[in-house]
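Novice: Take a look at this one; I'll ask things after.
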Amino acid sequence: MTLLNSIILVVITTSIALTSVLVSESVSFVHIVIAVAVTGSVLFCSMFLFFQKTVVEGLHSLNARVNKISETRDLSSRVPYLSHHDEFKTLAMSINSMLEALERAETGMRESEERYRLLFERAPDSIIIIGLEGDEAGRIVEANQAAADQHGYSVDELCSLKIYDLNTAETNKIAGNISAAVVAGEWVTTEVWHVKKDGTPFPIEIHAGVIKIGGKNYILGFDRDITQRKIDEDSHHRHHERIRHLNEELSHKALELAAANDELEAFNYSVSHDMRGPLTRIAGYCQLLLDDDNNLEPHVRGYIEKIYESEIWLNEVIDALLKLAQLTRVEIVSGHVNLSVIAESVLKELHFENPGRTVATRIEPDIVVAGDSRLLKIVMVNLLNNSWKYSSFKSDALIEFGVDQADSGPVYYVRDNGAGFNMKDVDKLFRAFSRLHDCAQFDGSGIGLATAQRIIFRHGGTIWAKSEPGTGATFYFTLSPHVT
Numbered sequence: 349m350t351l352l353n354s355i356i357l358v359v360i361t362t363s364i365a366l367t368s369v370l371v372s373e374s375v376s377f378v379h380i381v382i383a384v385a386v387t388g389s390v391l392f393c394s395m396f397l398f399f400q401k402t403v404v405e406g407l408h409s410l411n412a413r414v415n416k417i418s419e420t421r422d423l424s425s426r427v428p429y430l431s432h433h434d435e436f437k438t439l440a441m442s443i444n445s446m447l448e449a450l451e452r453a454e455t456g457m458r459e460s461e462e463r464y465r466l467l468f469e470r471a472p473d474s475i476i477i478i479g480l481e482g483d484e485a486g487r488i489v490e491a492n493q494a495a496a497d498q499h500g501y502s503v504d505e506l507c508s509l510k511i512y513d514l515n516t517a518e519t520n521k522i523a524g525n526i527s528a529a530v531v532a533g534e535w536v537t538t539e540v541w542h543v544k545k546d547g548t549p550f551p552i553e554i555h556a557g558v559i560k561i562g563g564k565n566y567i568l569g570f571d572r573d574i575t576q577r578k579i580d581e582d583s584h585h586r587h588h589e590r591i592r593h594l595n596e597e598l599s600h601k602a603l604e605l606a607a608a609n610d611e612l613e614a615f616n617y618s619v620s621h622d623m624r625g626p627l628t629r630i631a632g633y634c635q636l637l638l639d640d641d642n643n644l645e646p647h648v649r650g651y652i653e654k655i656y657e658s659e660i661w662l663n664e665v666i667d668a669l670l671k672l673a674q675l676t677r678v679e680i681v682s683g684h685v686n687l688s689v690i691a692e693s694v695l696k697e698l699h700f701e702n703p704g705r706t707v708a709t710r711i712e713p714d715i716v717v718a719g720d721s722r723l724l725k726i727v728m729v730n731l732l733n734n735s736w737k738y739s740s741f742k743s744d745a746l747i748e749f750g751v752d753q754a755d756s757g758p759v760y761y762v763r764d765n766g767a768g769f770n771m772k773d774v775d776k777l778f779r780a781f782s783r784l785h786d787c788a789q790f791d792g793s794g795i796g797l798a799t800a801q802r803i804i805f806r807h808g809g810t811i812w813a814k815s816e817p818g819t820g821a822t823f824y825f826t827l828s829p830h831v832t
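Using this note's numbering, read the sequence shown as starting at 349 and increasing by one per residue.
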């Protein structure tokens with residue numbers, strides 16, 4: 349039986365006893381009042397003892413336990429159930445539930461702080477927190493290891509300095525403007541210079557803004573060493589300037605070369621035309637002397653014939669030079685050109701001009717390229733004439749034209765089985781007036797291959813040759829698929 353139930357039982361028993369007395373005997377009003385007063389006093393004392401024993405002591409015990417938890421800040425402690433009363437048990441359970449919630453919140457906050465602490469300390473970039481208020485104004489209140497390593501200090505040494513101690517003199521001149529922008533609420537990104545502990549200045553890129561910690565304002569700065577970037581930018585700038593300077597020199601040289609070529613072409617044209625008059629007169633006088641059969645000694649006639657033949661050859665050279673000079677100025681009109689058709693036409697004409705020769709030909713059909721039909725015909729004429737000429741001593745002469753496919757694109761070729769040449773002389777092959785064979789055996793001006801090379805170069809291609817003496821020669825060339 350609980351204390352409260354005992355008190356109630358005593359009060360009821362006392363009330364019944366008094367009532368019995370009043371009923372059985374004749375009493376006065378005073379006696380009734382005294383009986384009620386006694387009963388009330390007993391009830392009051394009983395209730396006081398109950399609250400003293402149960403409520404006050406229970407509350408005192410709970411209060412003492414809560415104060416102890418508050419003093420020790422041990423949120424893992426719990427309030428025991430010291431009373432059997434439902435009200436105190438419920439109160440204790442509520443307090444314990446609150447302690448559990450606080451413990452979970454503290455654990456979560458501690459874990460969160462640990463994560464941010466690890467992030468702060470292990471961040472690869474420098475992180476510095478600078479005070480803004482009171483005695484902390486301008487002082488580095490926190491810095492990570494990256495900031496210390498970047499400046500050559502320990503973390504403790506760095507936190508004993510002010511930010512102005514890390515700035516160069518030039519940076520301190522603009523530091524006020526940067527701070528004002530940050531305090532105004534702007535996150536500022538800019539480049540400044542800091543000084544290491546050993547006095548070495550170095551460039552950094554800062555990203556800074558205001559944060560609030562514990563009711564105070566601070567500047568949070570992320571700094572990155574940009575020394576290598578500055579070196580790369582400086583190198584790039586110097587290379588750019590060098591390239592610009594070289595381009596200017598190249599443009600100047602190109603203008604000089606163009607002017608020299610113009611002068612050379614003008615001189616070539618002038619000399620060629622000026623030579624034609626005397627050469628024509630020499631040829632005419634030689635022809636008159638050769639027509640006079642009665643007055644010439646045999647050896648004199650031989651001299652005159654040599655002079656006449658030389659004049660004819662020199663005229664051919666002049667014509668070839670004029671054509672070669674014109675190739676640098678003629679405008680390229682690009683289109684689809686069937687080289688197979690051109691090869692057939694050139695060889696057909698050679699057969700017609702030399703009916704006594706038997707030459708086998710192999711022409712791959714429908715070899716179509718992009719280029720100027722007039723200029724590419726000159727290439728085919730020169731290469732095929734070359735093969736025709738140097739295979740003239742072969743009874744089974746063979747001339748071929750075809751195309752091979754290489755990784756870089758199609759490679760065209762003209763091949764013969766004629767005299768050929770020694771590859772040690774290949775560098776002379778495309779020089780004007782350079783001849784690899786005796787003029788008495790094979791005639792020509794020595795301009796044909798140089799002309800073909802110039803045209804192919806203008807079409808974005810290259811030309812080369814392979815040969816062995818007595819087995820013939822193959823001339824290879826390429827052309828750009830897009831010619832403008």
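Don't be surprised by glycine CBs; every beta carbon is placed ideally from N, CA and C. As the structure is a computational prediction, the values presented were derived from the model and not from experiment.
Can you look up N852 in the DSSP assignment and give me helix, strand or coil?
Specialist: Residue 852 lies beyond the range of the chain shown here (349 to 832); nothing can be said about it.
Novice: From which residue to which residue does the beta strand (DSSP E) around R802 run?
Specialist: The sequence position of residue 802 within the sequence shown is 454, counting from 1. Segment 796-806 is the alpha helix (DSSP H) holding R802; no beta strand (DSSP E) there.
Novice: Do L638 and I652 come within 8 Å of each other at the CB atom, strictly closer than that value?
Specialist: Numbered from its first residue, the sequence shown carries residue 652 at position 304. Numbered from its first residue, the sequence shown carries residue 638 at position 290. Cβ atoms of I652 and L638: closer than 8 Å.
Novice: Which of the three DSSP states is assigned to E539 in this structure?
Specialist: Working through the sequence shown from its first residue, we reach residue 539 at position 191. If DSSP states are grouped into helix, strand and coil, E539 belongs with the strands.
Novice: Excluding the 5 residues flanking P472 on each side, which residues of the same chain have their C-beta closer than 8 Å to its C-beta?
Specialist: As a first step, residue 472 must be located in the sequence shown, where it is residue number 124. A494.
Novice: How long is the line joining the alpha carbons of S527 and R452, rounded to whole angstroms?
Specialist: Counting from 1 along the sequence shown, the entry for residue 527 is found at position 179. Counting from 1 along the sequence shown, the entry for residue 452 is found at position 104. So the alpha carbons of these two residues sit roughly 40 Å apart.
Novice: With distances taken Cα to Cα, identify the nearest neighbour of A838 among D640, R802, S658, E611.
Specialist: Absent from the structure is residue 838, since the part of the chain shown begins at 349 and ends at 832.
Novice: Under a three-way DSSP split, which group does R463 fall into?
Specialist: On the sequence shown, position 115 is the one that residue 463 refers to. Note: R463 maps to helix in three-state DSSP.
Novice: I need the straight-line Cα distance from M349 to E454, nearest angstrom please.
Specialist: Locating residue 349 in the sequence shown gives position 1, where the first residue counts as 1. Locating residue 454 in the sequence shown gives position 106, where the first residue counts as 1. Any reading at M349 is ruled out, since the residue's pLDDT is 44, under 50, leaving its predicted position unreliable.
Novice: Ignoring anything shorter than 3 residues, give me the beta strand (DSSP E) runs that lie fully in the region 550-603, in order along the chain.
Specialist: 564-573
Novice: Answer yes or no: do D764 and A800 have a C-beta to C-beta separation smaller than 8 Å?
Specialist: Counting from 1 along the sequence shown, the entry for residue 764 is found at position 416. Counting from 1 along the sequence shown, the entry for residue 800 is found at position 452. Result no, Cβ atoms of D764 and A800 do not sit closer than 8 Å.
Novice: How many whole angstroms separate the CB atoms of G486 and K510, which I take to be in contact at a CB cut-off of 8 Å?
Specialist: Translated into positions along the sequence shown, residue 486 becomes position 138. Translated into positions along the sequence shown, residue 510 becomes position 162. At roughly 5 Å, the Cβ-Cβ gap stays under 8 Å, so G486 and K510 are in contact.
Novice: Taking the straight line between their C-alpha atoms, what separation do you get for V689 and R802?
Specialist: Here residue 689 corresponds to residue number 341 of the sequence shown, with the count starting at 1. Here residue 802 corresponds to residue number 454 of the sequence shown, with the count starting at 1. CA-CA distance, V689 to R802, rounds to 22 Å.
Novice: Between which two residues does the alpha helix (DSSP H) carrying A528 extend?
Specialist: In the sequence shown, counting from the first residue as 1, residue 528 sits at position 180. A528 -> alpha helix (DSSP H) spans 517-531.
Novice: How many angstroms separate the CA atom of T538 from the CA atom of A602?
Specialist: As a first step, residue 538 must be located in the sequence shown, where it is residue number 190. As a first step, residue 602 must be located in the sequence shown, where it is residue number 254. Cα to Cα, the separation comes out at about 44 Å.
Novice: Run through DSSP, which three-state label would Y501 get?
Specialist: In the sequence shown, counting from the first residue as 1, residue 501 sits at position 153. Here Y501 sits in coil by DSSP.
Novice: Just reading off the alpha helix (DSSP H) that E692 is part of, what are its end residues?
Specialist: Mapped onto the sequence shown, residue 692 falls at position 344. Residues 687-701.
Novice: Quick one: grab the DSSP three-state call for G768.
Specialist: Counting from 1 along the sequence shown, the entry for residue 768 is found at position 420. G768 falls in the coil class under three-state DSSP.
Novice: Rounded to the nearest angstrom, what separates R586 and I579 at their Cα positions?
Specialist: Along the sequence shown, read from residue 1 onward, the residue named residue 586 stands at position 238. Along the sequence shown, read from residue 1 onward, the residue named residue 579 stands at position 231. Each residue's alpha carbon lies about 10 Å from the other.
Novice: By the 10 Å Cβ neighbour count, where 16 or more other Cβ atoms means buried, how is I552 classified, buried or exposed?
Specialist: As a working mapping, residue 552 is identified with position 204 in the sequence shown. Classification of I552: buried, given that the 10 Å Cβ count is 16 or more.
Novice: Measure the alpha-carbon distance for L827 versus L627 and round it to whole angstroms.
Specialist: Taking the sequence shown and counting its residues from 1, the one referred to as residue 827 is at position 479. Taking the sequence shown and counting its residues from 1, the one referred to as residue 627 is at position 279. Roughly 39 Å separates the two Cα atoms.
Novice: With a 10 Å radius around its C-beta and 16 neighbouring C-beta atoms as the bar for buried, classify L698 as buried or exposed.
Specialist: Within the sequence shown, numbered from 1, the residue matching residue 698 stands at position 350. Burial is judged here by how many other beta carbons sit within 10 angstroms of a residue's own beta carbon; L698 has at least 16 and is buried.
Novice: Helix, strand or coil for A607? Go by DSSP, reduced to three states.
Specialist: Taking the sequence shown and counting its residues from 1, the one referred to as residue 607 is at position 259. Reduced to three states, the DSSP call for A607 is helix.
Novice: Taking just the CA atoms, how far does R806 sit from F749?
Specialist: Position 401 of the sequence shown holds residue 749. Position 458 of the sequence shown holds residue 806. Cα-Cα distance, rounded: 21 Å.
Novice: Would you say E469 and I477 are within 8 Å of each other, going by their C-beta atoms?
Specialist: The residue labelled residue 469 in the question sits at position 121 within the sequence shown. The residue labelled residue 477 in the question sits at position 129 within the sequence shown. In this structure, I477 does not lie closer than 8 Å to E469 by Cβ.
Novice: Quick one: any contact between the region 750-759 and the region 723-740, if contact means 3 or more CB pairs under 8 Å?
Specialist: no
Novice: Closest to P703 by CA distance: which of G683, W736, E534 is it?
Specialist: Sequence index remark: in the sequence shown, residue 703 carries index 355 (1-based). Among G683, W736, E534, the Cα nearest to that of P703 is on W736.
Novice: Mind checking F823: buried by the 16 CB within 10 Å criterion, or exposed?
Specialist: Here residue 823 is taken as the residue at index 475 of the sequence shown, counted from 1. It counts as buried.
Novice: State the Cα-Cα distance for the pair F550 and N515, rounded to the nearest angstrom.
Specialist: Translated into the one-based positions of the sequence shown, residue 550 becomes position 202. Translated into the one-based positions of the sequence shown, residue 515 becomes position 167. Put simply, the backbone Cα of F550 is about 10 Å away from that of N515.
Novice: Would you check whether the ligand PLP has a heavy atom nearer than 7 Å to the C-beta of E462?
Specialist: This structure simply doesn't include the ligand PLP, nor any ligand for that matter.
Novice: If F778 sits next to L797, beta carbons under 8 Å apart, how far is it from one beta carbon to the other, in whole angstroms?
Specialist: Position 430 of the sequence shown, counted from the first residue, corresponds to residue 778. Position 449 of the sequence shown, counted from the first residue, corresponds to residue 797. With a Cβ gap of about 5 Å, F778 and L797 count as contacting.
Novice: Span of the alpha helix (DSSP H) holding L723?
Specialist: Working through the sequence shown from its first residue, we reach residue 723 at position 375. Annotation for L723: the continuous alpha helix (DSSP H) segment containing it runs 721-738.
Novice: V503 and V531: beta carbons closer than 8 Å?
Specialist: On the sequence shown, residue 503 is found 155 positions in, with the first residue counted as 1. On the sequence shown, residue 531 is found 183 positions in, with the first residue counted as 1. No. Outside cutoff.
Novice: Determine whether the beta carbon atoms of I666 and C634 lie at a separation below 8 Å.
Specialist: In the sequence shown, residue 666 corresponds to position 318, counting from 1. In the sequence shown, residue 634 corresponds to position 286, counting from 1. Against a cut-off of 8 Å, the Cβ pair of C634 and I666 comes out as no contact.
Novice: Identify the continuous alpha helix (DSSP H) that holds I511 and give its terminal residues.
Specialist: Mapped onto the sequence shown, residue 511 falls at position 163. Here the alpha helix (DSSP H) through I511 covers 511-514.
Novice: Can you check which of these residues, H588, N492, Y501, M441, is closest to R465 by C-alpha distance?
Specialist: Against the sequence shown, residue 465 aligns to sequence position 117. Closest option to R465, Cα to Cα, is N492.
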